[in-house]
């Protein structure tokens with residue numbers, strides 16, 4: 013097991029020259045101020061969720077004043093503890109803590125809660141607010157991403173720590189709600205974390221028995237603590253979330269459990285401090301209203317004016333903890349400087365996200381070959397080459413490794429006893445895998461990719477979307493990309509999935525036509541720093557095309573390129589993606605008398621990002637006779653084909669049959685494409 017610091021670290025333990033009574037007074041002042049800021053912000057916006065910040069203010073104060081290792085002057089310090097507010101609807105809890113701790117988040121920012129272009133949006137977003145580790149709000153995904161963060165931390169500790177030089181030694185903390193633990197993805201990720209024996213992950217469950225609909229017993233009666241014990245977690249039951257010493261004792265105990273993740277069951281009162289609405293579903297997501305706001309402030313001892321009141325006492329402990337974090341940061345920097353220079357240099361490179369020098373030289377190339385190979389196999393061959401020169405790569409699959417071809421040569425399994433491994437077996441947990449990978453990517457220092465079938469992108473879609481929203485360069489490897497997968501039939505044959513993924517803003521969807529395009533697509537994916545990539549790879553073999561041998565390396569980076577041209581101005585342009593590019597080339601052979609250009613478009617969105625001159629060079633506006641071909645839904649392809657063009661697509665479910673037979677029966681033949689080309693050329 014990797015070395016980790018324990019709770020005896022001087023830089024992270026609270027100062028001891030203060031009496032317990034004085035600390036209790038200051039912690040109460042901090043928690044009360046958090047409650048006041050939260051209810052004022054929600055009241056000002058007339059929108060938001062005050063209940064959780066009021067209920068968890070005590071426990072969060074204990075965590076942030078006694079344990080959390082962080083440096084507000086450098087929110088990206090690699091060895092900081094990670095804190096994830098999985099219950100993102102309670103965002104004012106996090107914003108209050110960030111402001112009071114000294115992050116670059118002003119009181120004016122708090123006053124702009126939920127307003128246009130605010131740095132304090134309704135749910136925490138990594139692109140808006142310094143100190144936010146993950147975009148949360150879709151319940152269950154925050155705790156799942158935290159699992160990925162803890163997994164990345166343990167892996168890097170195994171790779172980079174040495175005696176006397178702990179350069180990776182931090183914890184991942186989560187505040188999760190009842191709703192988080194109802195969501196299926198949280199159970200997927202929690203089961204995985206238990207299997208991995210993922211110590212260093214501490215979850216504070218806000219067990220307040222209330223959701224928007226009412227009491228949780230309406231829909232949620234299980235023994236959560238018992239479930240987590242069965243999942244292999246260390247569980248501390250029945251902690252009074254308003255008893256600071258009880259919370260502190262539970263966190264202290266959990267921090268020292270390094271062979272299992274920990275769940276602290278914090279029994280709290282939602283809306284704590286509200287005389288009339290505490291403990292009710294109404295305070296979960298509604299502003300208190302003028303009268304209850306005033307009564308709550310009186311009850312908590314908060315002045316009615318000014319609003320957004322912050323007494324000095326509320327800052328004392330948080331600023332002291334931030335100062336301890338700053339000292340810990342300086343000590344860490346000294347340890348890193350004193351560490352093995354080669355290891356330290358590699359660690360810095362990985363944490364900045366830079367790729368190793370010369371990595372592209374490892375990309376394979378493939379000669380023209382009528383037989384070719386499936387693009388999933390070409391992807392595997394590319395990964396074999398890249399894994400040897402990019403140690404950051406962390407592969408994985410949701411129990412489909414032999415089918416996804418995601419296990420590169422030399423990779424070893426990452427398990428509880430081998431945390432330095434670089435291949436993750438996620439089990440049949442597609443959603444959990446995608447969310448965990450997002451967490452690993454958000455942590456930094458690793459470049460995760462994971463595979464499943466394209467049809468199961470439906471299961472992972474919410475996490476794929478969140479990766480795009482977070483501008484996180486996770487790589488999703490989806491194989492078996494069309495009806496060409498054959499005998500498994502329509503339950504496994506994706507039809508609408510490509511169109512749905514292409515509709516996600518800030519997501520690159522790469523559907524390469526052959527082996528060379530696949531290698532080039534991996535280069536594009538790994539060069540991304542602020543958006544994820546989704547591959548769509550074939551099960552069936554595809555010919556390696558002559559045009560890709562010379563054109564793929566440059567053409568794929570621009571989303572589309574001419575893979576087979578004609579002399580002079582084309583009469584008709586055939587545009588294909590993936591396996592349908594070779595279909596277009598075959599169709600061209602039957603179009604005697606027509607000047608036919610074939611365009612491969614592995615990434616539609618990348619093509620439309622190009623300058624007008626390039627797009628015109630590939631798809632001239634004057635050539636209206638166009639046919640777009642894809643064995644998937646037609647949605648989106650008329651943007652390419654134009655209103656005068658044709659789209660040969662599949663707007664129905666597939667068939668259970670061998671791949672070639674299914675393709676033919678569904679109209680994907682050279683003859684059908686040629687017929688469409690003749691029809692548009694005669695307009």
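In my numbering, the protein residues as written are 13 to 695.
Here a beta-carbon is modelled for each residue, glycine too, at the ideal position from N, C-alpha and C.
Pull the bridge partners of residue i from the DSSP assignment, please.
{"i": "residue 81", "result": "In DSSP, residue 81 forms no bridge with anything."}
{"i": "residue 51", "result": "According to DSSP, residue 51 bridges with nothing at all."}
{"i": "residue 339", "result": "Answer by DSSP bridge pairing: none, since residue 339 is not bridged."}
{"i": "residue 385", "result": "554"}
{"i": "residue 612", "result": "573 and 588"}
{"i": "residue 269", "result": "DSSP, once it has assigned bridges, lists no residue as partnering residue 269."}
{"i": "residue 435", "result": "407 and 425"}
{"i": "residue 490", "result": "464 and 548"}
{"i": "residue 701", "result": "Since the first and last residues shown for the chain are 13 and 695, residue 701 lies out of range."}
Determine the DSSP secondary structure at residue i, reduced to helix, strand or coil.
{"i": "residue 92", "result": "coil"}
{"i": "residue 20", "result": "Residue placement at residue 20 is flagged as unreliable, the pLDDT there being 35, under the threshold of 50; the coordinate-derived value follows with that caveat. Three-state result, residue 20: coil."}
{"i": "residue 454", "result": "helix"}
{"i": "residue 596", "result": "helix"}
{"i": "residue 15", "result": "At residue 15 the pLDDT is 45, less than 50, meaning the model places this residue with poor confidence; the figure from the coordinates comes in the next sentence. Correct three-state label for residue 15: coil."}
{"i": "residue 421", "result": "coil"}
{"i": "residue 468", "result": "helix"}
{"i": "residue 344", "result": "helix"}
{"i": "residue 107", "result": "helix"}
{"i": "residue 483", "result": "coil"}
{"i": "residue 332", "result": "helix"}
{"i": "residue 217", "result": "strand"}
{"i": "residue 620", "result": "helix"}
{"i": "residue 37", "result": "helix"}
{"i": "residue 240", "result": "helix"}
{"i": "residue 187", "result": "strand"}
{"i": "residue 119", "result": "helix"}
{"i": "residue 274", "result": "strand"}
{"i": "residue 248", "result": "strand"}
{"i": "residue 359", "result": "helix"}
{"i": "residue 582", "result": "coil"}
{"i": "residue 97", "result": "strand"}
{"i": "residue 197", "result": "helix"}
Measure the Cβ-Cβ separation of residue i and residue j and say whether it is below 8 Å.
{"i": "residue 677", "j": "residue 686", "result": "no"}
{"i": "residue 510", "j": "residue 519", "result": "no"}
{"i": "residue 197", "j": "residue 447", "result": "yes"}
{"i": "residue 52", "j": "residue 308", "result": "no"}
{"i": "residue 692", "j": "residue 656", "result": "yes"}
{"i": "residue 422", "j": "residue 400", "result": "yes"}
{"i": "residue 641", "j": "residue 578", "result": "no"}
{"i": "residue 426", "j": "residue 486", "result": "no"}
{"i": "residue 72", "j": "residue 323", "result": "no"}
{"i": "residue 463", "j": "residue 412", "result": "yes"}
{"i": "residue 476", "j": "residue 516", "result": "yes"}
{"i": "residue 100", "j": "residue 149", "result": "yes"}
{"i": "residue 344", "j": "residue 91", "result": "yes"}
Going by CA-CA distance only, name the one from the options that's closest to residue i.
{"i": "residue 508", "options": "48, 662 and 154", "result": "662"}
{"i": "residue 69", "options": "504, 281 and 529", "result": "281"}
{"i": "residue 415", "options": "405, 120, 398 and 391", "result": "391"}
{"i": "residue 706", "options": "262, 389, 194 and 299", "result": "The requested residue 706 does not occur in the structure, where the chain is confined to residues 13 to 695."}
{"i": "residue 571", "options": "134, 622 and 586", "result": "622"}
{"i": "residue 478", "options": "147, 643, 635 and 117", "result": "147"}
{"i": "residue 470", "options": "458, 459 and 444", "result": "444"}
{"i": "residue 362", "options": "395, 403, 374 and 383", "result": "403"}
{"i": "residue 604", "options": "138, 583, 340 and 635", "result": "583"}
{"i": "residue 592", "options": "39, 268 and 681", "result": "681"}
{"i": "residue 333", "options": "277, 112, 267 and 266", "result": "112"}
Indicate whether at least one CB of chain D lies closer than 8 Å to the CB of residue i.
{"i": "residue 500", "result": "Judged by its chain identifiers, the structure shown contains no chain D, having just a single protein chain."}
Quick one: does the C-beta of residue i sit closer than 7 Å to a heavy atom of the ligand FMN?
{"i": "residue 71", "result": "As presented, the structure is devoid of all ligands, the ligand FMN included, so that no description of it is given."}
**Message:** Does the segment 104 to 115 come into contact with the segment 58 to 75, if we say contact requires no fewer than three beta-carbon pairs (one atom in each stretch) closer than 8 Å?
**Reply:** yes
**Asked** Do three or more CB pairs link the segment 149 to 158 to the segment 169 to 189 at distances below 8 Å?
**Response** yes
**Message:** Would the segment 603 to 615 count as touching the segment 524 to 544 if we require 3 or more Cβ pairs under 8 Å?
**Reply:** yes
**Prompt:** Is the segment 269 to 276 touching the segment 208 to 215 in the sense that three or more CB pairs, one from each, lie closer than 8 Å?
**Reply:** yes
**Asked** If we count Cβ pairs, one from each stretch, closer than 8 Å, do we get three or more for the segment 107 to 119 versus the segment 74 to 92?
**Response** yes
**Message:** Contact between the segment 253 to 271 and the segment 224 to 241 is defined here as three or more beta-carbon pairs at a separation below 8 Å; is this criterion met?
**Reply:** no
**Request:** Could you tell me whether the segment 546 to 555 touches the segment 485 to 501, where touching means 3 or more Cβ pairs closer than 8 Å?
**Result:** yes
**Asked** Taking contact to mean at least 3 C-beta pairs separated by less than 8 Å, is the segment 135 to 144 in contact with the segment 164 to 183?
**Response** no
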